[in-house]
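Working notes, structure below.
There are 6 protein chains.
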Amino acid sequence: MTTDHFSRIKKAINELSQEQSYKSVCHPHFKDHKMPSLSALEQVVNLSREILFPGYYGDSSIRPDSVSYYIGVNTENLYTILVDQIFAGLCFMCEMPEKFDLSERKSIAHDYASQFISKLPEIRRMLVTDVEAAFLGDPAAKSKGEVIFCYPAIRAITNYRIANALLTIGVPLIPRMISEMAHSETGIDIHPRATIGEYFSIDHGTGVVIGATSIIGNNVKLFQGVTLGAKSFPLDENGNPIKGIPRHPIIEDDVVIYAQATILGRITVGAGSVIGGNVWVTNSVAPKSKIIQFKPRDVLYTEGGGI
Amino acid sequence: MTTDHFSRIKKAINELSQEQSYKSVCHPHFKDHKMPSLSALEQVVNLSREILFPGYYGDSSIRPDSVSYYIGVNTENLYTILVDQIFAGLCFMCEMPEKFDLSERKSIAHDYASQFISKLPEIRRMLVTDVEAAFLGDPAAKSKGEVIFCYPAIRAITNYRIANALLTIGVPLIPRMISEMAHSETGIDIHPRATIGEYFSIDHGTGVVIGATSIIGNNVKLFQGVTLGAKSFPLDENGNPIKGIPRHPIIEDDVVIYAQATILGRITVGAGSVIGGNVWVTNSVAPKSKIIQFKPRDVLYTEGGGI
Amino acid sequence: MTTDHFSRIKKAINELSQEQSYKSVCHPHFKDHKMPSLSALEQVVNLSREILFPGYYGDSSIRPDSVSYYIGVNTENLYTILVDQIFAGLCFMCEMPEKFDLSERKSIAHDYASQFISKLPEIRRMLVTDVEAAFLGDPAAKSKGEVIFCYPAIRAITNYRIANALLTIGVPLIPRMISEMAHSETGIDIHPRATIGEYFSIDHGTGVVIGATSIIGNNVKLFQGVTLGAKSFPLDENGNPIKGIPRHPIIEDDVVIYAQATILGRITVGAGSVIGGNVWVTNSVAPKSKIIQFKPRDVLYTEGGGI
Amino acid sequence: MTTDHFSRIKKAINELSQEQSYKSVCHPHFKDHKMPSLSALEQVVNLSREILFPGYYGDSSIRPDSVSYYIGVNTENLYTILVDQIFAGLCFMCEMPEKFDLSERKSIAHDYASQFISKLPEIRRMLVTDVEAAFLGDPAAKSKGEVIFCYPAIRAITNYRIANALLTIGVPLIPRMISEMAHSETGIDIHPRATIGEYFSIDHGTGVVIGATSIIGNNVKLFQGVTLGAKSFPLDENGNPIKGIPRHPIIEDDVVIYAQATILGRITVGAGSVIGGNVWVTNSVAPKSKIIQFKPRDVLYTEGGGI
Amino acid sequence: MTTDHFSRIKKAINELSQEQSYKSVCHPHFKDHKMPSLSALEQVVNLSREILFPGYYGDSSIRPDSVSYYIGVNTENLYTILVDQIFAGLCFMCEMPEKFDLSERKSIAHDYASQFISKLPEIRRMLVTDVEAAFLGDPAAKSKGEVIFCYPAIRAITNYRIANALLTIGVPLIPRMISEMAHSETGIDIHPRATIGEYFSIDHGTGVVIGATSIIGNNVKLFQGVTLGAKSFPLDENGNPIKGIPRHPIIEDDVVIYAQATILGRITVGAGSVIGGNVWVTNSVAPKSKIIQFKPRDVLYTEGGGI
Amino acid sequence: MTTDHFSRIKKAINELSQEQSYKSVCHPHFKDHKMPSLSALEQVVNLSREILFPGYYGDSSIRPDSVSYYIGVNTENLYTILVDQIFAGLCFMCEMPEKFDLSERKSIAHDYASQFISKLPEIRRMLVTDVEAAFLGDPAAKSKGEVIFCYPAIRAITNYRIANALLTIGVPLIPRMISEMAHSETGIDIHPRATIGEYFSIDHGTGVVIGATSIIGNNVKLFQGVTLGAKSFPLDENGNPIKGIPRHPIIEDDVVIYAQATILGRITVGAGSVIGGNVWVTNSVAPKSKIIQFKPRDVLYTEGGGI
């Protein structure tokens with residue numbers, strides 16, 4: 113009976129509209145204020161990429177005469193969108209949104225956005241070193257152009273450097289959303305709070321995780337599936353995790369870590385070390401170490417191919 | 113010569129149009145009936161998310177006065193789209209589509225869709241526990257709002273709980289498509305047939321695989337790259353895999369499994385156990401066990417950083 | 113002060129417009145010529161899929177009467193788009209774009225595109241074997257239709273076979289972009305230069321990496337997270353990596369490799385072998401070997417669940 | 113006060129939701145059935161144009177080899193969309209939609225749609241004469257291609273000939289919607305029930321109105337603003353207009369009517385006549401008449417330009 | 113020479129960027145504030161139509177159970193969009209935008225928008241009479257549903273009644289934009305300041321113009337091309353037009369005006385009069401008058417069809 | 113029977129694919145070359161409007177600092193799109209497209225496009241006078257901003273001035289398409305070949321037609337429905353219209369023409385004249401004339417409102 117379907121639906125709507133059923137996860141967001149928007153943040157990332165690597169993205173031709181027009185317009189547009197998103201982020205994180213002063217928040221958003229834009233030249237400088245590292249480190253790469261255009265790691269590192277700059281300025285929520293965008297696109301999950309030096313490269317990259325308090329030196333290379341993670345973390349007297357304690361590894365300069373290695377806890381991997389794939393490392397490693405997995409076992413073969 | 117290109121193309125079109133070249137993979141889909149649509153299923157997922165977590169997705173403001181309007185419209189729209197997609201799924205799986213009774217299928221689709229909607233309140237209840245688990249388990253999380261809005265695992269688990277409800281009702285194909293959408297977006301691959309308890313969390317998540325006959329208790333936490341998989345499976349006398357046999361692990365309550373661990377076969381990981389990263393486990397593990405990888409080897413360092 | 117924001121922005125625009133700050137990564141792309149376009153390449157892939165698997169994608173119904181119309185139009189459209197993208201790829205890779213002869217390049221683009229189209233029947237033949245392998249190898253699969261429609265590995269292998277055909281013809285850049293599209297969508301990273309036989313399957317797939325000089329026989333199956341990678345590579349006298357040396361594994365017929373295994377270097381995994389998950393293999397393996405990880409250690413359990 | 117706004121809105125929603133306030137204009141449309149869709153009908157018109165004038169619209173190239181592929185696919189797509197829209201139109205006009213037999217309606221929709229498609233060759237033949245008339249009649253036209261591509265009258269006449277064919281077959285509502293689409297685009301309002309011969313042309317066209325029972329011979333030319341309308345119409349004993357009585361003019365062969373002329377009632381304008389602009393004609397006109405407005409008056413000029 | 117083109121372009125950019133070349137028409141719009149948006153106003157009109165005529169527009173099904181959900185959500189969305197657009201309109205008209213108080217304007221926008229929404233029930237009541245008049249007055253109309261769905265005049269009158277309500281509340285600019293949207297779509301140009309009674313109908317409508325100070329009674333019917341316009345208007349001592357003087361006609365109840373008639377100046381057309389087509393009327397007309405054009409002349413026929 | 117529908121469709125496809133049925137209207141367009149595109153020309157018009165009236169269209173804010181960036185980017189984009197469209201137009205008009213030299217055409221397209229851009233400053237200067245005329249001539253106008261933003265005549269005149277500049281340079285087809293876009297949007301049909309002076313205004317505008325050889329002086333004002341048209345035109349010995357003969361009116365400075373007036377043939381309306389509405393004028397008019405329609409007749413009133 114049709115009416116049966118409709119009575120089911122009506123009953124479900126009524127239950128789902130009960131405040132107690134959603135209030136513990138309901139976001140108390142400020143009336144008339146929009147949530148941060150994934151599609152606006154995609155524009156933020158795309159405009160930043162166009163500004164940082166002129167000629168690769170968007171429609172811009174880059175005759176010397178006209179490059180400044182494009183950078184000018186892209187930067188203005190970036191600024192406008194960013195102010196809105198930062199403002200939305202500030203409202204999102206506010207616990208009692210009814211109370212705060214809107215025009216003050218708006219002016220903070222303008223300040224943060226313009227600070228970010230003033231950091232773009234430095235971000236470009238760092239990214240140029242990352243591109244160089246990827247190019248030199250991959251025998252399959254034909255040109256730096258191909259690296260910028262095709263390599264997922266460059267996208268992930270670009271998002272990280274943007275997100276890290278925003279987070280350092282004090283912008284809430286938005287940096288995390290930007291790094292999750294790269295995570296979804298590339299499978300590379302770099303927490304925006306991590307600290308990463310120059311000439312950083314990631315090969316292939318799917319499954320890489322770099323935790324919030326990680327510190328990575330210069331000229332470090334990671335392969336796919338590498339985790340720089342935390343061990344279990346201490347709880348306070350109420351059983352809640354104590355936030356803000358350094359709990360991820362320090363990777364010094366010139367380290368290479370092969371595929372699927374898991375490095376956990378506030379340990380140090382000394383400069384120039386090589387960590388083999390698929391290892392589980394929870395203790396510090398001296399400089400110039402080379403660590404590989406214990407030899408696998410040969411076991412009896414049985415017809416059928418299985419295990 | 114231009115004509116040369118066109119004769120190549122013409123020849124290819126003719127070959128590709130030969131029925132014998134495509135018939136072994138050709139889908140005998142019912143005339144005038146659409147295939148299930150990925151973009152319609154994205155709407156299904158988005159509408160479900162808006163209904164389950166009011167205020168986070170879509171344009172909805174959530175003044176107490178108006179929340180029921182939004183839930184009402186979103187639920188009606190969800191119902192309409194879902195009826196079409198379930199109907200398409202029913203047609204897809206039918207081996208002799210010419211024969212079946214269309215109006216009966218249509219009425220089944222209505223029934224399944226309204227059953228699903230009546231399960232949404234329970235789905236919300238479960239997801240609230242998952243959000244709580246993710247929030248408590250991550251020292252970097254600032255609020256439940258951030259968890260819902262940013263964490264890929266919440267997206268993957270939401271899709272899983274939706275897909276599992278549909279599959280339990282009896283809907284074919286659609287559940288698998290919904291879980292693959294989350295797989296593509298997050299790198300987390302949860303089979304909709306798996307059984308998963310409350311307070312389930314996945315950290316980072318890229319590369320997680322949870323097989324079709326897995327059973328997971330309450331308060332379990334997985335890290336990125338964890339596999340709950342099958343060993344080789346028995347074949348019947350014709351050499352075809354025997355379907356429907358339990359072949360994935362049982363993970364009891366309060367278990368934590370670290371990054372890249374591979375747990376294979378119908379084994380049991382006892383309650384409260386901790387499985388370290390990068391291990392290969394094919395035998396059952398007693399409750400409160402702690403298993404970690406055999407120590408890696410230190411090998412001789414040679415200049416150049418390679419292995 | 114508002115003016116303060118604007119002076120920051122103005123200063124940043126000026127710095128970012130300085131040629132020296134972007135010239136090392138600037139792409140010297142030919143005036144008036146477009147860069148290759150991701151969205152055009154998505155159309156290339158979608159049209160190819162519609163042609164290869166008629167009835168699954170797009171709006172095409174496949175009455176025997178009309179299937180040739182659809183294959184005809186899709187192939188014509190594919191040709192047109194592909195000519196443009198190949199042309200863009202040829203221009204991209206050119207170091208001194210001012211010098212080359214446009215109409216010659218255009219005619220090369222036409223030639224390459226029509227060569228590719230004449231390879232589509234063979235690509236379909238290979239893919240049909242891959243679909244069959246996936247169907248037979250997965251007890252959860254209900255029909256070949258479901259495999260084609262839902263399994264990410266089929267998408268990744270389709271993109272690989274397309275990209276490999278283009279690369280073999282001599283098309284630059286575009287093959288890499290097409291394989292990166294699948295990488296982003298599925299987490300499976302197959303280099304278009306790899307050589308892969310018939311009846312190839314990948315289960316789940318996230319994190320799989322198959323390097324450029326890998327050679328894979330017939331009837332090989334990989335699970336998620338498997339790497340067929342390179343060890344460190346030799347440098348020339350200038351310290352640059354020597355390009356084009358075989359540096360990835362050879363996997364012979366009928367091999368199965370379980371989740372997260374890392375196989376590195378120009379070694380051979382002999383026919384019929386089984387490689388267990390999470391192992392690190394850098395030496396050749398005899399035919400019909402079975403290799404698994406050294407047993408993990410049981411360590412002392414401590415309350416709290418951590419490591 | 114904010115609450116004041118919300119109480120206003122809430123009150124309005126309540127009033128607007130009262131059934132008695134909308135029921136006299138409410139459309140009793142059949143549950144689960146869509147209304148006819150303007151955007152679907154735009155596709156109908158665009159596909160028809162592509163089929164009728166190959167090479168002008170859409171992406172089709174028209175190499176002799178490939179033209180049949182495009183016509184095949186466009187015709188199949190047209191058929192599919194048209195079946196849906198005709199079905200929607202049949203449901204719309206039904207007074208007691210609960211009662212009728214769905215599958216019968218569906219089968220009528222298929223029949224009407226395929227009848228329409230079988231009329232396309234004749235529609236093309238007629239339109240070719242209209243293009244010729246426009247080309248010969250306009251000294252500013254450079255080629256027939258320009259006429260087809262640019263002249264709004266060709267668009268309006270195309271829509272009319274499509275709508276008229278549908279209406280003649282018996283399709284309700286849709287023909288009117290298609291003619292209103294041309295009306296909105298061109299300002300030319302031709303009722304689909306009008307009868308119009310070959311070699312018909314309209315110059316400029318804005319404001320032309322051709323009523324439902326008009327009959328127009330061959331080789332007739334109208335200028336902008338011409339009305340072929342009705343005088344007041346007879347009422348039945350209840351004061352309602354009597355429907356279906358011929359009430360618009362008959363325009364015989366080879367007539368020209370200049371801008372803004374208003375021809376009203378079931379009168380006949382004899383073959384070969386010329387009607388000057390801005391006249392008001394409510395009586396029949398003999399063949400080969402020439403009718404122009406009474407001379408305007410010269411009145412006293414006053415400085416300032418006004419009247 | 114290529115450089116020649118670029119120097120032309122560079123020169124043009126420089127000239128066009130000179131402030132004196134655009135400052136007389138430059139809009140001094142308030143920094144960071146958007147201009148009113150045509151596409152947002154289309155949403156305003158579409159949402160209003162969905163609310164006023166439930167079941168005709170949008171996706172809404174109108175089961176009695178669910179109609180209030182749709183009206184609720186549509187009204188909330190209308191309110192949100194309208195607040196933004198009214199705010200943009202208030203900023204646009206401000207001569208010295210730097211000076212005014214933003215939060216005051218914002219609160220005015222909220223007030224105006226909610227006032228408008230509280231007028232929607234009365235707007236619906238008026239429109240129902242207009243639909244009835246169109247239905248009764250057109251022998252070709254099959255149902256009120258067809259009138260609402262297809263007749264351009266209903267669209268134009270709906271926009272007028274919306275625009276008039278906004279203008280009466282005090283909203284600047286937006287009403288004019290809404291009436292111009294209908295003008296572009298239908299060729300009917302009704303100034304939002306005009307006063308129009310119940311049961312108003314326009315047949316065909318292209319070219320109708322109704323000036324700002326026109327007053328139209330109940331049950332009036334206009335045909336296409338009718339102008340209710342102004343004669344020349346008085347200038348003040350500086351030669352500028354004196355604004356705000358009544359300068360358009362008064363049309364009393366039950367008047368019919370046929371196609372292309374031009375009625376100019378603050379004159380009165382008495383109740384129940386009939387004005388024939390193509391006449392030029394600049395003097396008042398007594399009630400129950402019937403006015404038609406002076407008879408056209410028959411002139412000598414000459415072969416060739418011209419004039 | 114279903115097969116019946118399909119056989120109808122198949123038969124129609126075959127007939128429609130016969131070359132003789134479409135060849136007389138078939139466009140012999142050059143292989144691989146696109147037709148001119150309406151949506152690209154909409155971009156041309158929108159970019160031109162943004163450049164000509166900075167701050168009204170698009171997203172541009174117009175801080176003095178940034179206005180040149182926006183004009184720079186918009187002009188570069190306009191140039192790129194225009195080159196393609198002019199090239200498409202050149203190919204369209206070519207009778208034997210196989211023969212001509214592509215690179216020569218391409219270089220003509222570049223030349224024409226850059227010539228057009230160098231005319232933009234003069235186009236802006238003219239349009240500023242038109243805006244002023246509209247503002248001064250309409251007592252309902254509140255600001256020049258409102259005139260630019262809302263008045264359809266400004267859109268039509270802008271398109272005319274753009275189209276006229278292109279046509280004067282020698283661009284084929286495109287100018288006509290641009291003027292038809294304004295015709296469709298506003299109901300105002302100005303042939304791009306017409307010559308129109310400064311301070312030109314059109315009030316309301318629907319139905320205005322200005323023919324190809326019209327010459328209009330400075331400070332002329334037209335109302336809706338005014339035609340500046342041709343009488344019948346002379347034929348050559350083959351019965352074809354002789355092209356290029358002046359056949360439309362000359363309107364001298366300071367003339368006002370009221371609604372629906374039809375002025376036909378190469379006559380002159382002397383400076384400062386006023387032409388009343390609804391008149392039919394086929395003879396020249398001395399300067400400072402005032403011409404109005406012959407008085408309408410009062411006829412016997414009959415109950416019922418009809419004529």
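Protein chains in written order, with the numbering used here: chain A, 113 to 419; chain B, 113 to 419; chain C, 113 to 419; chain D, 113 to 419; chain E, 113 to 419; chain F, 113 to 419.
Idealized CB from N, CA, C, for every residue including glycine.
Small disclaimer: the values here were computed from a predicted structure and weren't measured.
At least one C-beta of chain D is nearer than 7 Å to the C-beta of C:Glu188. The beta carbons of F:Ala373 and F:Ile363 sit no closer together than 7 Å. Cβ-Cβ distances below 8 Å link D:Val137 to nothing in the same chain once the five nearest sequence neighbours on each side are left out. Secondary structure at B:Arg359: coil, using DSSP grouped into helix, strand and coil. For F:Pro264, the C-beta contacts it makes with chain E under 8 Å involve Glu292, His295, Ser296, in order along the chain. Between A:Leu128 and chain B, the shortest Cβ-Cβ separation is below 7 Å. Taking the beta carbon of A:Val185 as reference, the chain F residues within 7 Å of it are Tyr181, Tyr182, Val185, listed in sequence order.
For F:Asp348, the closest alpha carbon among the candidates D:Pro408, D:Leu334, D:Leu248 is that of D:Leu248. Along the length of the segment 307 to 387 of chain D, whole beta strand (DSSP E) runs at least 3 residues long occupy 313 to 315, 333 to 335, 339 to 341, 374 to 376, reported in chain order. Note on geometry: alpha-carbon atoms of C:Val411 and B:Ile404 lie some 7 Å from one another. Here F:Gly184 is buried, its C-beta having at least 16 other C-beta atoms within 10 Å.
Chain A places a beta carbon closer than 7 Å to that of C:Met289, counting this residue as a contact. Residue pairing of B:Ile302 in beta bridges, as defined by DSSP: B:Ile322.
Excluding five sequence positions before and after B:Ser160, the CB atoms of its chain that fall closer than 6 Å to its own CB belong to Ile274, given in chain order. At a cut-off of 7 Å between beta carbons, B:Val321 contacts chain C. Chain-ordered listing is empty here: chain B has no CB closer than 9 Å to the CB of E:Ser230, the nearest sitting near 15 Å. For C:Thr318, the closest Cβ of chain B is nearer than 7 Å.
In this structure, DSSP gives F:Val397 an extended state, which the three-state scheme calls strand. Between E:Ala342 and E:Gly323, the CB-CB gap stays under 7 Å. A direct Cα-to-Cα measurement between B:Ala294 and B:Ser326 gives close to 18 Å.
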